[in-house]
Amino acid sequence: MAFLMECCTFLVNVLCIPLHLIQAMGLYEVYKRFFPICLYRCSIMYNKKMYDKKKDLFRSLSEFKKPGGQLTILEIGCGTGTNFPFYPPGCKVICTDPNRHFQRYLKTSMEENDQLSYERFLVASGEDMGSIESDSVDAVVCTLVLCSVNDIPQTLREIRRMLRPGGAFFFLEHVVADASTWAYFFQHVLQPFWYYFGDGCEVTRETWKHLEAAGFSDLRLRHIEAPLMFLIKPHIVGYAVK
């Protein structure tokens, strides 16, 4: 099985040579302008299928509000703002994303969710959030983001730095399937193409291992099977307390 997977992956890599060349020439940046349109449509479908999972996850956000204060949420990779409807009314949201072209859709989501207050939108990667002060936010949120950052451990270090003591990191991420399944096989075979389609997304990551090693004081993590296509069906969901 491993040999067959390597052969099929090699074949897909050969078929992706034009995409590799486009990226090497710097022309892939053009796709980043159109990616928000694709993600906006996909996010609507994802929210419908994952509504109960998201509602259950974000129900715990209010527990991390400081007494007498306003709950401050930092969302890394906010995309089109599809998590906003799940946030507690009255909280303050700081939005970040490495793709500045999301701003158009983000503005629409902000207008539709005026029960929240929005502090600012920063164009920044998860690995480098230096403009956010240490120990300054009550909660950090990542959904379908750790699959595409360049360095998961560094991103988690930044998250821990920005969280106040006792604050929490909320996550919902697709991960690699069990190695004994066909889903695992096709995740690895199709990864070269999926990388470009998903703007750097990798479906073969064991993200939970990085969370377990990140040094949070309390980690509440569950593996679930999402009602989605097989490539992104395996998910982890939960939160970790600083």
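FYI, in mature numbering (1 follows the signal peptide of the UniProt record, and there is no 0) the residues of the sequence shown are -24 to -1, 1 to 218. Just so it is clear, CB atoms sit at the ideal spot from N, CA and C, and this is done for glycine as well. Computed from a predicted structure; not experimentally measured.
Note that the region 76 to 87 does not touch the region 106 to 119; fewer than 3 beta-carbon pairs, one per stretch, sit closer than 8 Å. For Pro210, the enclosing beta strand (DSSP E) has its first and last residue at 210 to 217. Of the other Cβ atoms in all chains shown, fewer than 16 fall within 10 Å of the Cβ of Glu87; this residue is therefore exposed.
A Cβ-Cβ contact shorter than 8 Å links Val125 with Thr131. Between the alpha carbons of Arg35 and Lys209 lies a distance of about 23 Å. Proximity to Ser112 across Thr48, Ile128, Gly53 peaks at Thr48, based on C-alpha coordinates. Unbroken alpha helix (DSSP H) runs of no fewer than 4 residues, entirely contained in the region 159 to 196, are found at 183 to 188, following chain order. Here Glu51 has Asn59, Val69, Ile70, Cys71, Thr72, Val116, Val117, Cys118 as same chain residues with Cβ atoms under 8 Å from its own Cβ, once five neighbours each way along the sequence are excluded. The C-beta separation of Val217 from Gly142 comes to about 7 Å, placing the pair in contact by the 8 Å criterion. Distance from Asp127 to Glu103 at the Cβ level is roughly 5 Å; contact confirmed, criterion being Cβ atoms closer than 8 Å. For Asp194, the closest alpha carbon among the candidates Val152, Tyr7, Ala144 is that of Ala144.
Remark: C-beta atoms of Val121 and Cys(-17) do not approach each other more closely than 8 Å. As computed with DSSP, Lys68 is found in a beta bridge with Thr48, Ser93.
Going by DSSP, Glu149 is part of the beta strand (DSSP E) stretching over 139 to 150.
Using a Cβ distance threshold of 8 Å, Leu207 and Phe162 count as a contacting pair.
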